[in-house]
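I have placed the structure first, in the form of C-alpha cells, so that the comments after it can refer back to it.
Protein chains: 2
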Amino acid sequence: MYLYLIRHGIAVEPDPLALDPMADDEARSLTKLGRKKVEQVADKLAKLDLKFELIITSPLVRAHQTTAIFIAKQLSPNLEVSPELKPSGNLVKWLQEWDARPTGTNITHLALCGHEPNLSEWAELLIYGQVCHKLILKKGGIIGLKFANDRIAIGTAQLWCLLPPKFII
Amino acid sequence: MYLYLIRHGIAVEPDPLALDPMADDEARSLTKLGRKKVEQVADKLAKLDLKFELIITSPLVRAHQTTAIFIAKQLSPNLEVSPELKPSGNLVKWLQEWDARPTGTNITHLALCGHEPNLSEWAELLIYGQVCHKLILKKGGIIGLKFANDRIAIGTAQLWCLLPPKFII
Chain D
1077 MYLYLIRHGI
1087 AVEPDPLALD
1097 PMADDEARSL
1107 TKLGRKKVEQ
1117 VADKLAKLDL
1127 KFELIITSPL
1137 VRAHQTTAIF
1147 IAKQLSPNLE
1157 VSPELKPSGN
1167 LVKWLQEWDA
1177 RPTGTNITHL
1187 ALCGHEPNLS
1197 EWAELLIYGQ
1207 VCHKLILKKG
1217 GIIGLKFAND
1227 RIAIGTAQLW
1237 CLLPPKFII
Chain R
1077 MYLYLIRHGI
1087 AVEPDPLALD
1097 PMADDEARSL
1107 TKLGRKKVEQ
1117 VADKLAKLDL
1127 KFELIITSPL
1137 VRAHQTTAIF
1147 IAKQLSPNLE
1157 VSPELKPSGN
1167 LVKWLQEWDA
1177 RPTGTNITHL
1187 ALCGHEPNLS
1197 EWAELLIYGQ
1207 VCHKLILKKG
1217 GIIGLKFAND
1227 RIAIGTAQLW
1237 CLLPPKFII
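Protein chains in written order, with my numbering: chain D, 1077 to 1245; chain R, 1077 to 1245.
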C-alpha cells in the first residue's frame, strides 16, 4: 500500500482585513504560478506513470483546485472530499473513516491533498508514531509512504520519497 | 548548512566465488546502466544549480566512480575520501573528523557519497537522534538535510528531500 500526501500549490495570501478570516482562508485560490507548478508536477507524475486509484482532498478551495488539476491530468479516476483533511482535521479520525470503508476496494495507491503542518505531522505519525516537525513539505510537494501490507496504520510506514516541486517539474 | 547523502549507483553484483569477499566488494564497479543513471542525476542537479563546495566519498570503487561523475559534471570543485564512509564507517567518528577541520572553510553545501544502510541510518541519527530504518534510499538516490546553523550535529537536522533517482532523471 502506497500513500501519497500532496500539499496544495501556491495560493493567494490571506486577506488581513477579512471580516470572517476562516471563510476567507477557505476561499483562497491558487495563484497563476501555483496552478502552473501543480500542472507541471502532475505532468511529471503522469510521465512516470505514478497514478492513484483515489484522491481524497481537503474541501478548501486551494486544495480542491490542486486535486482538480491531478484529476484533469488523469492521475486518478476517483475524487472524494474529507473534512479531516482541513487544517483542523485529525489523522486518527480520518483513519477511523478509512478503516470503516467497505473492504474489497483494492486501493494500493491512495493520495491525500491537504495542508501544512498537518500533512508532515501525519507522515511522521504514520512513520515514527510521533510528531517531531522534522519534515519540510513545500507547496506542491509530495510525501510518499510505503506500508508493509494493505493497511494504513500509525508507526508502520516507511518514507520512500519527499519531493520538493522543483525536483519534479 | 545543507548536507546531501548520495548513494552510489547500480554496481555489478558481488562474486559469490571470490576468495577475498571484502576485496571483491571494494572493487565492484558501476554497471553501464548505473553510470548512465548517475550521469542523468548529476545533469539534473546541475540544471537546478544544486552544487556543493565539497564531496566526501567512500573509497570503495562504486562510490568513488559515482563521485567522479558528480565532479566531472562540475557539481563540486573539491573531492575528499573518508574511510568512515565505507560500509564499516561510523557517523560519530566522521563527525569528530569533520569538527576537527580548520574553521573558516565556509562550507554550506556538503555532499557525502556512500552506502546503505549507513546513509539512511546517518540521516535518521542527524534528524531524530536514533535509527529506526524507516527511510528508503535507492541506488543513485539522494537525501537532503537542512541544519539550523553551520554545525552538523545529531538530532538537529530537518529532512527537506528524499529523492529516488527516477524523480531526478
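Using N, Cα and C, we set each Cβ at its ideal position, and we do this for glycine too. Values in this document were obtained by computation on a predicted structure and should not be read as measured data.
So residue i packs on residue j, CB below 8 Å; how close in whole Å?
i	j	result
R:Pro1216	R:Gly1085	Note that residue 1216 of chain R is Gly in the sequence shown, not Pro. Confirmed, Cβ separation roughly 5 Å.
R:Leu1201	R:Ile1244	No, R:Leu1201 and R:Ile1244 are not in contact; Cβ-Cβ is about 24 Å, not under 8 Å.
R:Lys1149	R:Asp1119	7 Å
R:Leu1171	R:Ile1131	Going by Cβ atoms, the distance from R:Leu1171 to R:Ile1131 rounds to 17 Å, so no, they are not a contact pair.
R:Thr1142	R:Ile1183	In fact, because the Cβ distance is near 20 Å, the residues do not count as touching under 8 Å.
Counting along the chain, where does the beta strand (DSSP E) carrying residue i start and finish?
i	result
R:Ile1082	1078-1083
R:Ala1233	1233-1239
D:Glu1156	1155-1157
D:Ile1256	Nothing can be reported for residue 1256 of chain D, as the shown portion of chain D is limited to 1077 through 1245.
R:Leu1130	1130-1133
Pick out whichever of the options has its Cα sitting closest to the Cα of residue i.
i	options	result
D:Val1168	D:Leu1195, D:Gln1116, D:Thr1142	D:Leu1195
R:Ser1105	R:Lys1123, R:Leu1130, R:Ala1144, R:Gln1116	R:Ala1144
R:Arg1111	R:Ala1087, R:Trp1174, R:Leu1126	R:Ala1087
D:Leu1239	D:Ala1229, D:Asp1226, D:Asp1119, D:Gly1220	D:Gly1220
D:Arg1138	D:Lys1123, D:Ala1122, D:Leu1109, D:Asn1154	D:Leu1109
D:Ala1246	D:Thr1142, D:Ile1131, D:Ala1122, D:Leu1136	No answer is possible for residue 1246 of chain D: it lies beyond the span of chain D, which begins at 1077 and ends at 1245.
D:Phe1146	D:Ile1218, D:Pro1193, D:Leu1095, D:Ala1094	D:Ile1218
Output yes or no for whether 8 Å exceeds the beta carbon distance between residue i and residue j.
i	j	result
D:Tyr1204	R:Lys1210	yes
D:Leu1151	D:Lys1113	no
D:Arg1173	D:Glu1160	Before going on, a small fix: residue 1173 of chain D reads as Glu here, not Arg. Contact flag set, yes.
D:Lys1242	D:Tyr1078	no
R:Leu1186	R:Glu1129	yes
D:Pro1090	D:Asp1101	yes
R:His1191	R:Pro1163	yes
R:Ile1212	D:Trp1198	no
R:Thr1107	R:Cys1189	no
At which residues does the alpha helix (DSSP H) containing residue i begin and terminate?
i	result
D:Glu1089	From DSSP, D:Glu1089 is part of no alpha helix (DSSP H); its letter is neither H nor E.
D:His1191	Taken as a continuous stretch (DSSP letters only), D:His1191 belongs to no alpha helix (DSSP H), as it is neither H nor E.
D:Leu1048	The shown model of chain D, from 1077 to 1245, leaves out residue 1048 of chain D, and the question about it has no answer.
R:Ile1147	1137-1148
R:Gly1217	Neither: R:Gly1217 is in no alpha helix (DSSP H) and is coded neither H nor E.
D:Pro1097	1097-1103
D:Gly1110	1108-1123
Check the Cβ of residue i against every Cβ in chain C and list those closer than 7 Å, keeping chain order.
i	result
R:Phe1243	Structure shown: chain C not included; protein chains present are D and R.
Which residues, in chain order, does the segment 1200-1220 of chain R contribute to contact with chain D at a C-beta distance below 7 Å?
For the segment 1200-1220 of chain R, the set of positions with a beta-carbon nearer than 7 Å to some beta-carbon of chain D reads Ile1203, Tyr1204, Cys1208, Lys1210, Leu1211, Ile1212 in chain order.
When Cβ atoms are compared, which residues of the segment 1227-1241 of chain D fall closer than 9 Å to chain R?
Answer set for the segment 1227-1241 of chain D: Ala1233, Gln1234, Leu1235, Trp1236, Cys1237, Leu1238, Leu1239, Pro1240.
For the segment 1118-1137 of chain D, enumerate the residues whose C-beta is nearer than 7 Å to any C-beta of chain R, in chain order.
When CB distances to chain R are screened at a threshold of 7 Å, the residues of the segment 1118-1137 of chain D falling below it are Leu1124, in chain order.
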